[in-house]
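Trainee: Offset between the sequence shown (1-based) and our numbering: plus 12.
For each residue, glycine too, the CB sits at the ideal point set by N, CA and C.
Pasting a structure here, questions to come.
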Amino acid sequence: MDKVPIVLPKPIQDELEALAQQQNRTVLAIIQDAVRLYITTLHSLQARTMTMDHQNQNPPEP
13 MDKVPIVLPK
23 PIQDELEALA
33 QQQNRTVLAI
43 IQDAVRLYIT
53 TLHSLQARTM
63 TMDHQNQNPP
73 EP
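Given below as C-alpha coordinates:
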(Lines of atoms letter the chains of each structure in order from A and count residues from 1; the text may use other names and numbers.)
(Lines give C-alpha, C1' and ligand atoms only; values in the text may rest on other atoms or scores of the structure.)
Protein backbone atom coordinates (compact mmCIF):
# COMPACT_ATOMS: atom_id res chain seq x y z
CA MET A 1 0.00 0.00 0.00
CA ASP A 2 2.92 2.35 0.66
CA LYS A 3 3.98 2.09 -2.98
CA VAL A 4 0.64 3.02 -4.55
CA PRO A 5 0.91 6.42 -6.26
CA ILE A 6 -1.59 9.09 -5.31
CA VAL A 7 -3.21 10.49 -8.44
CA LEU A 8 -5.02 13.79 -7.96
CA PRO A 9 -6.42 16.40 -10.32
CA LYS A 10 -3.73 18.94 -11.27
CA PRO A 11 -5.27 21.92 -9.36
CA ILE A 12 -5.50 19.88 -6.16
CA GLN A 13 -1.97 18.56 -6.61
CA ASP A 14 -0.69 22.12 -7.12
CA GLU A 15 -2.49 23.33 -3.97
CA LEU A 16 -1.12 20.45 -1.93
CA GLU A 17 2.41 21.05 -3.18
CA ALA A 18 2.16 24.74 -2.30
CA LEU A 19 0.77 23.90 1.15
CA ALA A 20 3.49 21.31 1.72
CA GLN A 21 6.15 23.82 0.79
CA GLN A 22 4.67 26.45 3.15
CA GLN A 23 4.54 23.94 6.01
CA ASN A 24 7.91 22.35 5.20
CA ARG A 25 6.21 18.94 4.90
CA THR A 26 5.61 16.40 2.18
CA VAL A 27 2.36 16.09 0.24
CA LEU A 28 2.15 12.51 1.49
CA ALA A 29 2.35 13.64 5.13
CA ILE A 30 -0.47 16.15 4.58
CA ILE A 31 -2.65 13.52 2.90
CA GLN A 32 -1.95 11.00 5.67
CA ASP A 33 -2.97 13.56 8.31
CA ALA A 34 -6.14 14.36 6.35
CA VAL A 35 -7.06 10.67 6.09
CA ARG A 36 -6.43 10.16 9.82
CA LEU A 37 -8.66 13.13 10.63
CA TYR A 38 -11.36 11.84 8.27
CA ILE A 39 -11.31 8.36 9.84
CA THR A 40 -11.33 9.78 13.37
CA THR A 41 -14.31 11.98 12.49
CA LEU A 42 -16.18 9.03 10.97
CA HIS A 43 -15.60 6.96 14.11
CA SER A 44 -16.80 9.82 16.28
CA LEU A 45 -19.94 10.32 14.19
CA GLN A 46 -20.60 6.58 14.13
CA ALA A 47 -20.34 6.38 17.93
CA ARG A 48 -22.66 9.37 18.27
CA THR A 49 -25.18 7.85 15.85
CA MET A 50 -25.13 4.53 17.69
CA THR A 51 -25.73 6.33 20.98
CA MET A 52 -28.62 8.29 19.48
CA ASP A 53 -30.13 5.11 17.97
CA HIS A 54 -29.90 3.38 21.34
CA GLN A 55 -31.62 6.31 23.06
CA ASN A 56 -34.40 6.31 20.45
CA GLN A 57 -35.02 2.60 20.98
CA ASN A 58 -35.58 3.14 24.70
CA PRO A 59 -37.67 6.31 25.00
CA PRO A 60 -38.38 7.51 28.54
CA GLU A 61 -41.67 6.33 29.97
CA PRO A 62 -44.30 8.97 30.80
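On a CA-only basis, which of Thr61, Val16, Val19 and Leu28 is nearest Ala41? Give me that one, please.
Mentor: Checked all of Thr61, Val16, Val19 and Leu28; the closest Cα to Ala41 is Leu28.
Trainee: Helix, strand or coil for Pro17? Go by DSSP, reduced to three states.
Mentor: Three-state DSSP puts Pro17 in coil, outside helix and strand.
Trainee: If we ignore side chains and look at the alpha-carbon of each, how far apart do Leu57 and Ile43 end up?
Mentor: In a straight line, the C-alpha of Leu57 is about 21 Å away from that of Ile43.
Trainee: Measuring only the C-alpha atoms, how far is Ala59 from Ile18?
Mentor: Approximately 30 Å, taken between the alpha carbons.
Trainee: With a threshold of 7 Å on Cβ separation, who are the neighbours of Val39 within its own chain once the five nearest residues in sequence on each side are excluded?
Mentor: Same-chain partners within the cutoff: Leu28, Glu29 and Ala32.
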